[in-house]
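Residue numbers (the numbering used here): 158 to 359.
To keep things clear, I will list the structure first and then write my remarks on it.
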């Protein structure tokens, strides 16, 4: 198990530390159930603590560039389309269920909608919902059923598929065509599944 530094105390060792300090360590061990080691004075230097706090693996510039691009894409997506958390889905659906998250979970599990992770929550992109019926648009379930499994449960990868111009849609995005030509978007999902199958050699 990797040591986690939450602070340090300067002492020669556990045996020569003052009684009050040994008592503090004993109580802390009893409370947390985890061993606590007093750091010797040789290791209590500022630069040693800083070194221990730096990740052992430093991302490459190319990795960081891709991460920034993905972050920009996600921010733009949310800015353009918005999203509802589980409670927001319940409000939209005018649900009276006591469990305010159950509607979103049920729709997701039944393949009617998909969600993406954001800031510790699952958000459901708002373009999936029909403001007139207060239900998911039927085309979403049809498309999800045709997409390859790896993409169907892909979170942000799936969200950005809806947002990507596709050749089979004359360089239009699925999200722009779904309300006017649902069949075309379903066909695009089938084509995507075929591409994935070809790439995997199946």
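By construction, the Cβ of each residue, glycine as well, lies at the ideal position given by its N, Cα and C atoms.
On a predicted model such as this, the values are computed, not experimentally measured, just so you know.
Nearest to residue 340 by CA position, among 298, 353 and 354, is which residue? 298
Helix, strand or coil for residue 241, going by three-state DSSP, please let me know. strand
Using three-state DSSP, classify residue 278 as helix, strand or coil. Annotated three-state conformation of residue 278 is strand, per DSSP.
Over the uninterrupted alpha helix (DSSP H) stretch that includes residue 254, give me the two end residues. Note, residue 254: premise wrong, no alpha helix (DSSP H); not H, not E.
Bridge-paired residues (DSSP) for residue 292: 287
According to DSSP, which residues form a beta bridge with residue 323? 329
Own chain, CB closer than 7 Å to residue 230, minus 5 neighbours either side, in chain order: These residues qualify, in order along the chain: 317.
Going by DSSP, which residues form a beta bridge with residue 273? 280
Going by the CB atoms, is the gap between residue 271 and residue 263 shorter than 8 Å? no
Straight-line Cα distance separating residue 277 from residue 243: 12 Å
N-terminal and C-terminal residue of the alpha helix (DSSP H) that residue 343 is part of: Residues 339-357.
Would the beta-carbon of residue 435 fall within 8 Å of that of residue 303? In this structure the chain extends from 158 to 359, so residue 435 is not present and cannot be described.
Going along the chain, which residues of its own chain have a beta-carbon closer than 6 Å to the beta-carbon of residue 369, five neighbours each way excluded? Only positions 158 to 359 of the chain appear in this structure, which leaves residue 369 out of reach.
When 328, 290, 258 and 292 are compared against residue 279, the one with the closest alpha-carbon: 258
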